[in-house]
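Scroll down for the structure; my scribbles are underneath it.
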Amino acid sequence: MLDGVESINGGSESQPSNFSQKSQEYSGTVFRQLQGLTGRLLNTFKRPPIPRWLFWSLALIATTTVSATFGATVALLAPLSQQMLQDRSLSLHELWRNAFVYRLSRPVNILVMGIDRVPDVSSDSAASMNGRSDTMLLLRIDPKANSVKMLSIPRDTRVENAELSIKKINQANADGGPSLAAKIVSNTLNDAPIDRYIRVTADAFRELVDLVGGVEVFVPYKMQYADETQHLKIDLEPGWQTLNGEQAEQFARFRHDDKGDIGRVQRQQFLLKALQSRLTSPTMLPRLPQMMRVVQRYVDTNISLEEMLALANFALKLDKTDIKMVMLPGRFSNPKEYSASYWVMDKSGRDRIMHDYFGLDLKDVATNAKPSDNSVRIAIQNASGKPQMSRHVADYLKSLGFRNIYLVKDWPEQENRTQIIVQQGDLKAAERLKTALGWGNIEAASTGDIESDLTLRVGEDWLNSLTGN
Numbered sequence: 058m059l060d061g062v063e064s065i066n067g068g069s070e071s072q073p074s075n076f077s078q079k080s081q082e083y084s085g086t087v088f089r090q091l092q093g094l095t096g097r098l099l100n101t102f103k104r105p106p107i108p109r110w111l112f113w114s115l116a117l118i119a120t121t122t123v124s125a126t127f128g129a130t131v132a133l134l135a136p137l138s139q140q141m142l143q144d145r146s147l148s149l150h151e152l153w154r155n156a157f158v159y160r161l162s163r164p165v166n167i168l169v170m171g172i173d174r175v176p177d178v179s180s181d182s183a184a185s186m187n188g189r190s191d192t193m194l195l196l197r198i199d200p201k202a203n204s205v206k207m208l209s210i211p212r213d214t215r216v217e218n219a220e221l222s223i224k225k226i227n228q229a230n231a232d233g234g235p236s237l238a239a240k241i242v243s244n245t246l247n248d249a250p251i252d253r254y255i256r257v258t259a260d261a262f263r264e265l266v267d268l269v270g271g272v273e274v275f276v277p278y279k280m281q282y283a284d285e286t287q288h289l290k291i292d293l294e295p296g297w298q299t300l301n302g303e304q305a306e307q308f309a310r311f312r313h314d315d316k317g318d319i320g321r322v323q324r325q326q327f328l329l330k331a332l333q334s335r336l337t338s339p340t341m342l343p344r345l346p347q348m349m350r351v352v353q354r355y356v357d358t359n360i361s362l363e364e365m366l367a368l369a370n371f372a373l374k375l376d377k378t379d380i381k382m383v384m385l386p387g388r389f390s391n392p393k394e395y396s397a398s399y400w401v402m403d404k405s406g407r408d409r410i411m412h413d414y415f416g417l418d419l420k421d422v423a424t425n426a427k428p429s430d431n432s433v434r435i436a437i438q439n440a441s442g443k444p445q446m447s448r449h450v451a452d453y454l455k456s457l458g459f460r461n462i463y464l465v466k467d468w469p470e471q472e473n474r475t476q477i478i479v480q481q482g483d484l485k486a487a488e489r490l491k492t493a494l495g496w497g498n499i500e501a502a503s504t505g506d507i508e509s510d511l512t513l514r515v516g517e518d519w520l521n522s523l524t525g526n
């Protein structure tokens, strides 16, 4: 249990426990009954239309579970209580109403770590949780704003801490478990409070992706690499394809390109969006009991059952646009700086994100000052399929007064709609650019050019928007 942690629900403090241990007390009965109940639920769905909130809830529950290995949360995948499942007379409405009587009363920060495989350790062993964190994510779940903010922390982020044997943030779990990891993450991020933690082994990811029938993603180039220590052989061809669990892990963990660890973070965010799309399908509901079994085997957390139900209740109110992703701003270290390769955090960028996304009151952040449009670094990337479109767009932005712009290599896949990608987390700058243009979808993710504040990925709609057609 982390020091100084209050109950998520407020009021009397609940006692967090290991999810696997708690589940095992009644897992056999619950999971068997849940399987039997699934058919009855599906029959109920055949009569009225399927509620949108139910599928967005399921999408968030399962999506964040699957992607926890690469930076999201399994907090929402909680088993229904045994008492409810024993009462088969409950209607669908009563079932969900009674399950989610718990409420989230305040914002919650949850540290999620996807753990590397530990050599010569069984996946069922408690020691499998003692590896380095392949991925680290801090979630801000805010009931007042009705939002989930996801901050991806690159595994190679350099941190100065005497308790670490290696000056990389991914070493914290291996050296001191979740308590040390939470302490170091908090210290790194302006002493942001860490309310709970979740650790997930790499094995969960592959099994859960297979359970949802794979994920459809665009592989931008050929990926080949062999990682003997992690028993991982990567061999993916470019183009759109549906990846199974093993291939999805390859896609997420590949790092042998010019972007290294940061490219992994971007691909993990692509996977999360693909999973959200997949999990809105009605075919996902019967698979929920199987997903719970996988979570039971591979997850360690100090979130109590009551807190899980409160988080699940919160998920019912979420829409796709309520989930925003950002990466810790920074740069690659110079070979002359350090003997190893690091991600060097940009402290001013960190401060802005911790203020805007995590609600920290930082005196040094100029929150009321409107930055000059000229200071926002905008990368222009052609995804329209039309040659020389980037140059045309650059000229147009200059006519609007933007000056700090540059062109990057064309996106290999043609896009229908223009995207304004919030690479460094500056949502206000993205809104100003959208207002100036009069169109464009703001993507709250760090999937654009690494050096940019914003990446304008130009789609086929650009010329139509200019001409008003």
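Heads up: the sequence shown begins at 58 in our numbering, then just goes up one per residue.
From the three backbone atoms N, C-alpha and C, an ideal C-beta is built for every residue, glycine too.
Alpha carbon to alpha carbon, what distance is there between residue j and residue i?
i: Leu494; j: Pro164; result: 34 Å
i: Gly516; j: Ile167; result: 36 Å
i: Trp400; j: Met411; result: 18 Å
i: Glu364; j: Leu520; result: 50 Å
i: Asn473; j: Ala436; result: 19 Å
i: Gln304; j: Leu457; result: 44 Å
i: Tyr282; j: Ile291; result: 5 Å
i: Thr492; j: Lys404; result: 28 Å
i: Ser180; j: Asp506; result: 36 Å
i: Phe308; j: Pro211; result: 16 Å
i: Asp510; j: Asp518; result: 23 Å
i: Ile223; j: Val216; result: 9 Å
i: Ala238; j: Arg256; result: 11 Å
i: Ser361; j: Tyr254; result: 11 Å
i: Leu419; j: Asn359; result: 29 Å
i: Pro176; j: Ser182; result: 12 Å
i: Gly442; j: Gln471; result: 6 Å
i: Ser185; j: Lys240; result: 21 Å
i: Arg160; j: Leu375; result: 14 Å
i: Asn370; j: Ser162; result: 11 Å
i: Thr340; j: Asp284; result: 34 Å
i: Leu454; j: Tyr395; result: 39 Å
i: Ala15; j: Arg174; result: The requested residue 15 is not part of the displayed model; the chain covers only 58 to 526.
Residue range of the alpha helix (DSSP H) that residue i falls in?
i: Val242; result: 229 to 245
i: Lys404; result: 404 to 413
i: Glu470; result: Segment: none, Glu470 is in no alpha helix (DSSP H) and carries neither H nor E.
i: Asn370; result: 362 to 372
i: Ala309; result: 302 to 310
i: Arg448; result: 446 to 456
Start and end of the beta strand (DSSP E) containing residue i?
i: Arg388; result: 387 to 389
i: Asn439; result: 435 to 439
i: Arg253; result: 253 to 258
i: Thr492; result: Unbroken run through Thr492 is the alpha helix (DSSP H), 484 to 494; no beta strand (DSSP E).
i: Asn498; result: 498 to 500
i: Glu273; result: 272 to 276
i: Tyr282; result: 280 to 284
i: Asp357; result: 356 to 358
i: Val269; result: Careful: Val269 lies outside any beta strand (DSSP E) and carries neither H nor E.
i: Gln528; result: Here the chain covers residues 58 to 526 and nothing more, so residue 528 does not appear.
From the options, pick the residue whose C-alpha is nearest to that of residue i; which is it?
i: Ala397; options: Asn187, Thr214, Gln307; result: Thr214
i: Leu329; options: Thr512, Lys377, Asp506, Phe371; result: Lys377
i: Gln325; options: Leu194, Gln353, Arg174, Val205; result: Leu194
i: Leu484; options: Lys206, Ala238, Glu470; result: Lys206
i: Gly406; options: Glu488, Thr245, Ser162, Arg256; result: Thr245
i: Leu268; options: Leu300, Arg514, Val169, Gly188; result: Leu300
i: Met280; options: Leu265, Gly296, Ala231, Glu273; result: Gly296
i: Lys381; options: Leu161, Met186, Asp177, Leu196; result: Leu196
i: Gln298; options: Arg312, Arg310, Glu273; result: Glu273
i: Pro200; options: Ala440, Asp379, Val266, Leu293; result: Asp379
i: Gly270; options: Lys225, Pro343, Tyr278; result: Pro343
i: Lys466; options: Thr512, Asn370, Tyr453, Phe459; result: Thr512
i: Ala440; options: Ala331, Leu454, Thr475; result: Thr475
i: Asp357; options: Val322, Ser236, Ala486; result: Ser236
Assuming residue i and residue j are in contact, meaning their beta carbons sit under 8 Å apart, how far apart are those beta carbons, in whole angstroms?
i: Glu306; j: Phe275; result: The Cβ separation is near 17 Å, so there is no contact.
i: Pro533; j: Gly482; result: Residue 533 cannot be examined here, being either before or after the span of the chain that is shown, 58 to 526.
i: Ala259; j: Gly320; result: Not confirmed; about 18 Å, so no contact.
i: Glu220; j: Gly233; result: 6 Å
i: Gln438; j: Arg514; result: 5 Å
i: Leu417; j: Asn203; result: With a Cβ gap of about 20 Å, Leu417 and Asn203 do not count as contacting.
Are the CB atoms of residue i and residue j nearer to each other than 8 Å?
i: Asn461; j: Arg434; result: yes
i: Asn218; j: Ser190; result: no
i: Glu508; j: Val479; result: no
i: Val383; j: Ser503; result: yes
i: Ile198; j: Leu368; result: yes
i: Asn187; j: Ala229; result: no
i: Leu265; j: Val169; result: no
i: Arg310; j: Leu293; result: no
Of all the CB atoms in chain B, is at least one closer than 8 Å to the CB of residue i?
i: Tyr463; result: Given the protein chain composition of this structure (a single chain), no chain B is represented.
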